[in-house]
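Notes follow once the structure below has been shown.
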Amino acid sequence: MDPRTVVYSVSGSKQLLDLVNVVYTDAHGVPQTEFNVSLPWSKVVVLEPGVQTESVVATSFYGRLSCSIFNAAGQRVVASANASNMATCAR
């Protein structure tokens, strides 16, 4: 696996008629948004050279969300502190 690989992960609860949206940093360092995702959600991204930011933010109206960022070795490098309707992970 490429050493610049990161895995963004969001887990938690999603109630009926709830919308969970995720914003993450893509390979080019640009924020991308996915709307009304299913949980658990994850995205594998290989960052281009020079891209330093790794981030994922998940929001929900009613759910309790948590997020994590894993490195290429599968080690968790960032985790959200507690489950809430907004989870933020960045480094």
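Quick note: the sequence shown, position 19, residue 3 per the numbering used here, numbers continuous. Glycine included, each C-beta is placed from N, C-alpha and C at the ideal position.
In angstroms with no decimal places, state the Cα-to-Cα distance between N20 and S39. 18 angstroms
Mind checking whether V(-6) and A42 have CB atoms under 8 angstroms apart? Contact: yes.
Exposed or buried, which one is F54 when buried takes at least 16 other CB atoms within 10 Å? buried
Element boundaries [beta strand (DSSP E), containing K(-2)]: Taken as a continuous stretch (DSSP letters only), K(-2) belongs to no beta strand (DSSP E), as it is neither H nor E.
Does the beta-carbon of T9 have 16 or more other beta-carbons within 10 angstroms, so that it is buried, or is it exposed? buried
Skipping 5 residues on each side, what residues in its chain have a beta carbon closer than 7 angstroms to that of Q(-15)? It should be pointed out that residue -15 corresponds to Met in this sequence rather than to Gln. Contacts found: A56.
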